[in-house]
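For the protein sequence lines, the chains are A and B, in the order given.
Okay, so the first sequence: first residue is 32 according to this note's numbering, each after it adds one.
Okay, so the second sequence: first residue is 32 according to this note's numbering, each after it adds one.
2 protein chains.
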Amino acid sequence: MTKSIAKPRRNALVRSQVLDAAVKLFDQLGYFNTSIPDIVAESGVSIGSIYHHFGDKEGVARALRDTLLGRVESDLEKIETRHETTRERCHAVIDLLLRLTENEPSTMAYMLRARHKEFLSGEAPICSAKPMARMRELISLGMAGGEVREMAPDVAAAMVYGPALRLIQLRLDGLIDTALTEYLDDIWEMSWNAVALPASREQIKVQAVSTA
Amino acid sequence: MTKSIAKPRRNALVRSQVLDAAVKLFDQLGYFNTSIPDIVAESGVSIGSIYHHFGDKEGVARALRDTLLGRVESDLEKIETRHETTRERCHAVIDLLLRLTENEPSTMAYMLRARHKEFLSGEAPICSAKPMARMRELISLGMAGGEVREMAPDVAAAMVYGPALRLIQLRLDGLIDTALTEYLDDIWEMSWNAVALPASREQIKVQAVSTA
DNA sequence: GTCTATATCCAGATAGAC
DNA sequence: GTCTATCTGGATATAGAC
């Protein structure tokens with residue numbers, strides 16, 4: 032009893048050890064190239080315990096997905112309470128995505144790129160998960176509130192988030208060496224100006240930046 | 032000898048039967064959920080013939096990838112010879128991508144979304160495949176030629192292609208019901224205006240489209 | 001070149017002692 | 001709750017007749 036950890040805390044520890052190993056392996060090798068023995072080796076938890084806690088391999092993937100999406104969801108909620116305008120909210124969302132990519136690329140990769148429906152039976156594609164749905168909703172709200180020009184909501188959402196998500200893809204694939212946070216201002220200004228009503232643009236300046 | 036097909040043509044037929052089955056199954060189930068017996072059933076070609084022609088399962092995936100990428104590559108070449116300005120070329124590229132998504136979604140899905148490095152050992156990620164690289168090159172050329180504002184090339188490419196690719200993702204995931212070709216004009220005008228030097232914009236109009 | 005029948009392997013999953 | 005030892009199915013891939 033002296034050096035053992037209290038039971039509930041030890042349970043949580045085992046779970047997080049497994050999930051930490053899983054996110055790393057799923058990102059590096061993919062779900063199907065990761066065997067349970069791989070997770071045993073990486074996490075230090077025995078196969079028996081893994082099955083006890085997660086039921087099966089899919090259970091590990093599902094728990095991981097729920098954990099990661101839950102975290103992002105709560106980040107989004109914070110953004111919505113802290114900011115009032117659509118402009119500020121979208122800016123904060125893109126900032127969040129770029130920073131998450133830099134700080135926890137494995138997490139971002141698992142949420143964004145993994146083909147979840149290939150191994151999570153009956154799961155909706157990640158793009159319809161709550162956070163993504165909320166992100167698109169923000170745009171619709173902005174349209175109703177007069178900040179965003181009238182257009183097909185899908186198109187508006189693609190204009191605002193598409194460029195950032197594209198950069199994230201390339202960054203995760205190792206094709207961009209620059210930290211994406213450096214691009215935040217550029218990408219944001221262009222994306223927002225593309226959909227914003229002129230009145231709510233940051234500056235009206237139709238700038239001609241000529242170098243050299 | 033009367034009703035049998037000439038040998039080289041029959042070979043090509045078998046290959047295309049297998050590849051047609053593969054693109055369909057890989058799209059629907061994913062590479063790892065597709066077994067060789069599945070391909071046998073879908074293509075009508077025996078397991079022996081498949082191994083004879085493709086060597087192993089990875090060989091099927093590789094042949095498929097090469098075939099599809101080759102087709103897109105030749106489409107891109109045609110675009111480059113037919114159009115001179117970066118504006119026209121990028122427009123044609125986006126048009127091509129959207130139409131391909133509508134006409135051959137399985138093809139598009141396999142090229143765009145499959146995590147090839149998870150099953151094609153030593154393959155570069157799809158985003159660095161020739162067509163994608165050429166698409167980004169187009170933008171750099173436009174920058175050198177004065178059509179596109181000076182900025183990080185990755186950012187410019189993400190602005191031009193990102194929104195379209197995002198719509199394609201959502202469409203492939205079944206989250207958009209409208210044919211993407213309907214959105215071509217909107218998406219194109221916004222994407223291009225975001226990166227173009229004012230002089231080369233389609234119209235300078237800073238439009239306020241108010242509906243309702 | 002095409003086919004059927006078969007070998008081999010290793011993954012996911014379980015049993016049951018502690 | 002955790003572990004080791006074990007089972008079992010089904011996948012990839014091959015052998016060898018035609």
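Think of the CB as a built atom: it goes at the ideal place given N, C-alpha and C, for glycine as much as any other residue.
Determine the chain A residues that contact G153 of chain B at a beta-carbon separation under 8 Å, and present them in chain order. Under the 8 Å cutoff, chain A gives no residues; its nearest Cβ is about 14 Å from G153 of chain B.
Contact set between the segment 187–208 of chain A and chain B, restricted to residues whose Cβ is under 7 Å from the partner: The segment 187–208 of chain A vs chain B, Cβ under 7 Å: A189, M190, Y192, G193, P194, L196, R197, L198, Q200, L201, D204, L206 and I207.
With 16 other Cβ atoms within 10 Å as the buried cut-off, status of K34 of chain A: Confidence at K34 of chain A is low in this model, with a pLDDT of 46, below 50, so its placement is unreliable and no value can be given for it.
So for V226 of chain A, helix, strand or coil by DSSP? V226 of chain A: helix per DSSP, three-state reduction.
Inspect the beta-carbon positions of P184 of chain A and M190 of chain B and report whether they are closer than 8 Å. Against a cut-off of 8 Å, the Cβ pair of M190 of chain B and P184 of chain A comes out as no contact.
Just to make sure I have the definition right: I need the residues of chain A whose C-beta is within less than 7 Å of the C-beta of M182 of chain B. Which are they? For a Cβ distance threshold of 7 Å, residue set D217 of chain A lies close to M182 of chain B, ordered along the chain.
Among B:P68, B:D208, B:D217 and B:A53, whose alpha-carbon lies nearest the alpha-carbon of A94 of chain B? Per the C-alpha coordinates, the member of B:P68, B:D208, B:D217 and B:A53 positioned closest to A94 of chain B is B:A53.
Step through the CB atoms of chain B and report whether any lies within less than 8 Å of the CB of G61 of chain A. So yes, G61 of chain A belongs to the interface.
Evaluate contact between the segment 114–124 of chain A and the segment 74–85 of chain A, counting only Cβ atoms and requiring at least three cross-stretch pairs below 8 Å. Counting C-beta pairs closer than 8 Å gives fewer than three between the segment 114–124 of chain A and the segment 74–85 of chain A, which falls short of the contact rule.
Count the C-beta pairs between the segment 205–212 of chain B and the segment 199–212 of chain A that are closer than 8 Å, then say yes if the count reaches three, no if not. By the Cβ criterion, the segment 205–212 of chain B is not in contact with the segment 199–212 of chain A, since fewer than three pairs of Cβ atoms, one from each stretch, lie closer than 8 Å.
Closer than 7 Å at the beta carbon, the chain A residues around C158 of chain B: Result: Q200, L201, D204 and L206.
For L76 of chain A, does the three-state DSSP call read helix, strand or coil? At residue 76 of chain A the sequence reads Val, which differs from the Leu that was named. Correct three-state label for V76 of chain A: coil.
Within the segment 49–115 of chain A, note down every full alpha helix (DSSP H) run reaching 4 residues or more, in order along the chain. Restricted to the segment 49–115 of chain A, the alpha helix (DSSP H) segments that are unbroken, complete and at least 4 residues in length are 67–74, 78–85 and 88–113, listed in chain order.
If A225 of chain B and M221 of chain A are in contact, beta carbons under 8 Å, what's the gap, nearest whole angstrom? That belief holds up - the Cβ atoms of A225 of chain B and M221 of chain A are roughly 4 Å apart, short of 8 Å.
Quick check on A225 of chain B - is its C-beta less than 8 Å from some C-beta in chain A? It does; some Cβ of chain A falls within 8 Å.
Alpha-carbon to alpha-carbon, H114 of chain A and M142 of chain B: M142 of chain B and H114 of chain A have their alpha carbons spaced roughly 39 Å apart.
Hey, out of A:S152, A:L128 and A:D126, whose CA is closest to N64 of chain B's CA? For the residues A:S152, A:L128 and A:D126, the minimum Cα distance to N64 of chain B belongs to A:S152.
Just confirm the distance between the C-beta atoms of R96 of chain B and H147 of chain B, as a whole number of angstroms; I'd bet it's less than 8 Å. With a contact defined as Cβ atoms closer than 8 Å, R96 of chain B and H147 of chain B qualify at about 7 Å.
Hey, would you say Q48 of chain A sits closer than 8 Å to S74 of chain A, going by beta carbons? Yes, the pair counts as a contact, with Cβ atoms nearer than the cut-off.
Does the beta-carbon distance from L100 of chain A to A160 of chain A come in below 8 Å? At the C-beta level, L100 of chain A and A160 of chain A come within 8 Å of one another.
Report the partner residues of V179 of chain B according to the DSSP bridge assignment. Looking at the DSSP output, V179 of chain B shares a beta bridge with B:A227.
Against chain A, with Cβ distances strictly below 8 Å, would R146 of chain B count as a contact? True, the Cβ-Cβ gap to chain A drops below 8 Å.
Using CA coordinates, which residue listed in A:C158, A:Q59, A:W223 and A:R180 is at the minimum distance from P136 of chain A? When each option's Cα is compared against that of P136 of chain A, the closest is A:Q59.
Alpha carbon to alpha carbon, what distance is there between T138 of chain A and T132 of chain A? Computed Cα separation, rounded: 8 Å.
Given this structure, state the Cα-to-Cα distance separating R180 of chain B from L129 of chain A, to the nearest angstrom. Cα-Cα distance, rounded: 23 Å.
Looking at the unbroken alpha helix (DSSP H) that takes in R118 of chain B, where does it start and where does it end? Run containing R118 of chain B: T117 to N134, per the alpha helix (DSSP H) assignment.
Where does the unbroken alpha helix (DSSP H) through L203 of chain B begin, and where does it stop? The continuous alpha helix (DSSP H) containing L203 of chain B extends over residues P184 to L203.
Distance cutoff 8 Å, beta carbons only. Does A239 of chain B sit that close to anything in chain A? Reliability of the predicted coordinates at A239 of chain B is poor, the pLDDT of 48 falling under 50, and no value is obtained from them.
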